[in-house]
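A.B. asks: I am attaching a structure below and will ask some questions about it afterwards.
Spelled out as structure tokens, the structure:
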């Protein structure tokens, strides 16, 4: 089946620094990938839609200058959290689909900003 | 936009019993309804899904039913096992666009 790999699985960074999270579709090409954020004991909230070769689409309330998304190839999307602050600490998850309907999720990245 | 509600928020069952989780959605145009299982510290894993042209789907101990008229769908797990303990999320979407997740159900299967 479709496999989505996410790296790193966890990261700790200092306030004010930037962190990059990678999402790769291993056995299929994905023109679209989605990025979600999940706070403890809460549901997944869509942050943005990553489109290969074009600008990402951000959900209302998500700062595009803070959460930079790059989808430079059909198998890789990256999310960079710029100037991270403790309130950005969360579980970030990406998803992609070979069919455009049934989506596979990555294993998630636990970001802790200290 | 779409809104998905999910009940109950927590559910405890004895091993071997059945568990049922219900979701309702608001957008009648939604046509794809997946269920995900999420274990602690991991990403969601698709366990079963159903499309709007089907009323029921079963995969071993797991089944999903869909009532389009009432706009609700349910996850049924029979013969529950301790490894079924996790958080379960339902979702609704139109052709994979604008996935909206329910708030989740924490299932505990007691040995």
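Residue numbers (our numbering), protein chains in the order written: chain W, 7 to 120; chain X, 3 to 113. Note that beta-carbon positions come from the ideal geometry of N, C-alpha and C, so glycine has one too. A quick note: this is a predicted structure, and the numbers were derived from the prediction, not measured.
1. If contact is defined by three or more beta carbon pairs under 8 angstroms, each pair taking one atom from either stretch, is the segment 20-34 of chain W in contact with the segment 62-69 of chain W?
2. Have a look at W:17, W:21, W:50, W:79 and flag the residue whose alpha-carbon is nearest the alpha-carbon of residue 65 (chain W).
3. Would you mind working out which of W:111, W:115, W:77, W:61 sits nearest residue 46 (chain X), comparing C-alpha positions?
4. Assuming residue 41 (chain W) contacts residue 85 (chain W) under a Cβ cut-off of 8 angstroms, what Cβ separation, rounded to an integer in Å, is found between them?
5. Using DSSP with H/G/I as helix, E/B as strand and the rest coil, what is residue 7 (chain X)?
6. I need the boundaries of the beta strand (DSSP E) containing residue 74 (chain X), first residue and last residue.
7. Output yes if chain W places a C-beta closer than 8 angstroms to the C-beta of residue 27 (chain X); else output no.
8. Name the residue from X:32, X:48, X:29, X:71 whose alpha carbon lies nearest to the alpha carbon of residue 38 (chain X).
9. Residue 34 (chain X) versus chain W: which residues are under 9 angstroms apart at the beta carbon?
10. Just to confirm, is the Cβ distance from residue 98 (chain X) to residue 107 (chain W) under 8 angstroms?
11. Look at the alpha carbon of residue 87 (chain W) and the alpha carbon of residue 108 (chain X), and state the distance between them as a whole number of angstroms.
12. I'd like to know whether the C-beta of residue 52 (chain W) is nearer than 8 angstroms to at least one C-beta of chain X.
C.D. replies: By the coordinates alone:
1. Counting C-beta pairs closer than 8 angstroms gives fewer than three between the segment 62-69 of chain W and the segment 20-34 of chain W, which falls short of the contact rule.
2. Checking every option, the nearest Cα to that of residue 65 (chain W) belongs to W:50.
3. Taking residue 46 (chain X) as reference, the option from W:111, W:115, W:77, W:61 with the minimal CA-CA separation is W:111.
4. Yes, residue 41 (chain W) and residue 85 (chain W) are in contact; Cβ-Cβ is about 5 angstroms, under 8 angstroms.
5. For residue 7 (chain X), the secondary structure class from DSSP, reduced to helix, strand or coil, is strand.
6. Per DSSP, residue 74 (chain X) belongs to the beta strand (DSSP E) from 74-79.
7. Output row for residue 27 (chain X): interface = no.
8. Closest option to residue 38 (chain X), judged by alpha-carbon separation, among X:32, X:48, X:29, X:71: X:48.
9. Within chain W, the residues placing a beta-carbon under 9 angstroms from that of residue 34 (chain X) are 107, 108, ordered along the chain.
10. Less than 8 angstroms separates the beta-carbon of residue 98 (chain X) from that of residue 107 (chain W).
11. Those two C-alpha atoms are separated by around 29 angstroms.
12. Residue 52 (chain W) counts as touching chain X.
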